[in-house]
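Colleague: I have a structure I would like to understand better, so I am pasting it below and will then ask my questions one at a time.
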């Protein structure tokens, strides 16, 4: 407590207390991590089991729903988990509220854009390009 | 009112180097690598596949250059390291594995495991199958 600060310890603690939110963010990070444990293992395992890694084999594999659906989930959950993780990193080191908001918003836009582009690619692989 | 600076998150400078500390910072570093480079490569790979063999050849050429291989092997190791230290975090979230010896062994095992898995996967990709 500095000289001239008349607030009580309780008053200061209240002013600096928790934001009463963040628990859900923490839990979402854990739940998406468990999903990625499964999806990531599926992805690596599938690449290892494919007979060849040439474009023809890969396209045939990814155009079937058995691979397209888990891959779409990997993209969605992957970008969500990355965004949640990057937010923790940014919040730890960028304290100025303006910069924090700008960077976190930029990361949100990048994650949504990246996810949309990847899902678009998967849609082309499943349904063919509109010509 | 509050003039005292808010406490900062751990910086590299204030920790004594040890397995737990190294795995902690590696978890963050590999997470950032996967978020930025990993997802960029994944998006590029899917777009290349979707746009036919010629577009895919560009990706394939980049992936087979020495810098491409360094990036891909680095991302593979990042994936396994983040996966194994992520499992360690999930175990520790339950309140287990905080005893000093167990914690240290677990931390070392994530690094040993990620190196072995990366070596095995790339030995398979570059050696056994091609």
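Protein chains in written order, with our numbering: chain H, 11 to 141; chain F, -7 to 122.
Every residue, glycine too, gets a C-beta built ideally from N, C-alpha and C.
Note that this is a predicted model, so its numbers are computed, not measured.
1. Give the residues from the region 60 to 90 of chain H that approach chain F closer than 7 Å (Cβ to any Cβ), ordered along the chain.
2. Under a Cβ-count criterion, where at least 16 other Cβ atoms within 10 Å of its own Cβ denotes burial, should residue 71/F be classed as buried or exposed?
3. Along chain F, which residues have their Cβ under 9 Å away from the Cβ of residue 100/H?
4. Is the region 47 to 65 of chain F close to the region 13 to 27 of chain F, with three or more CB pairs under 8 Å?
5. Determine the direct distance from the alpha carbon of residue 37/F to that of residue 129/H, and round the result to whole angstroms.
6. Going by the beta-carbon positions, is the gap between residue 22/F and residue 74/F smaller than 8 Å?
7. I'd like to check one pair, residue 102/H with residue 38/H: are the Cβ atoms closer than 8 Å?
8. Should residue 42/F be flagged as near chain H, meaning a C-beta pair shorter than 8 Å?
9. Rounding to the nearest angstrom, what Cα-Cα distance links residue 69/H and residue 30/H in this structure?
10. Output, in sequence order along the chain, the residues in the region 79 to 110 of chain F whose CB is closer than 7 Å to any CB in chain H.
11. If you run the structure through DSSP and keep just helix, strand and coil, what is residue 96/F?
12. Using a beta-carbon distance below 8 Å, is residue 47/H in contact with chain B?
13. Do you know whose CA, among 84/F, 69/F and 95/F, lies nearest residue 111/F's CA?
Modeller: Working from what's here:
1. So the list reads 65, 68, 69, 72, 88 and 89, given in the order they occur along the chain.
2. Here residue 71/F refers to the residue found at position 79 when the second chain is read from its first residue. By the 10 Å Cβ count, residue 71/F comes out buried.
3. Numbered from its first residue, the first chain carries residue 100/H at position 90. The premise fails here: residue 100/H is roughly 10 Å from chain F at the closest Cβ pair, so nothing lies under 9 Å.
4. The region 47 to 65 of chain F, when compared against the region 13 to 27 of chain F, does not touch it at the 8 Å Cβ threshold.
5. The residue labelled residue 129/H in the question sits at position 119 within the first chain. The residue labelled residue 37/F in the question sits at position 45 within the second chain. Taking the straight line joining both Cα atoms gives about 12 Å.
6. As a working note, residue 22/F is residue 30 in the second chain. As a working note, residue 74/F is residue 82 in the second chain. In this structure, residue 74/F lies closer than 8 Å to residue 22/F by Cβ.
7. Along the first chain, read from residue 1 onward, the residue named residue 38/H stands at position 28. Along the first chain, read from residue 1 onward, the residue named residue 102/H stands at position 92. With contacts defined as CB atoms closer than 8 Å, residue 38/H and residue 102/H fail to qualify as a contacting pair.
8. Here residue 42/F refers to the residue found at position 50 of the second chain. So, interface residue.
9. In the first chain, residue 69/H corresponds to position 59, counting from 1. In the first chain, residue 30/H corresponds to position 20, counting from 1. In a straight line, the C-alpha of residue 69/H is about 47 Å away from that of residue 30/H.
10. Residues passing the 7 Å Cβ filter: 82 and 85.
11. The residue labelled residue 96/F in the question sits at position 104 within the second chain. Here residue 96/F sits in helix by DSSP.
12. Any reference to chain B falls outside this structure, whose protein chains are H and F.
13. Reading the second chain from its first residue, position 119 is the one you call residue 111/F. Out of 84/F, 69/F and 95/F, 69/F has the C-alpha closest to the C-alpha of residue 111/F.
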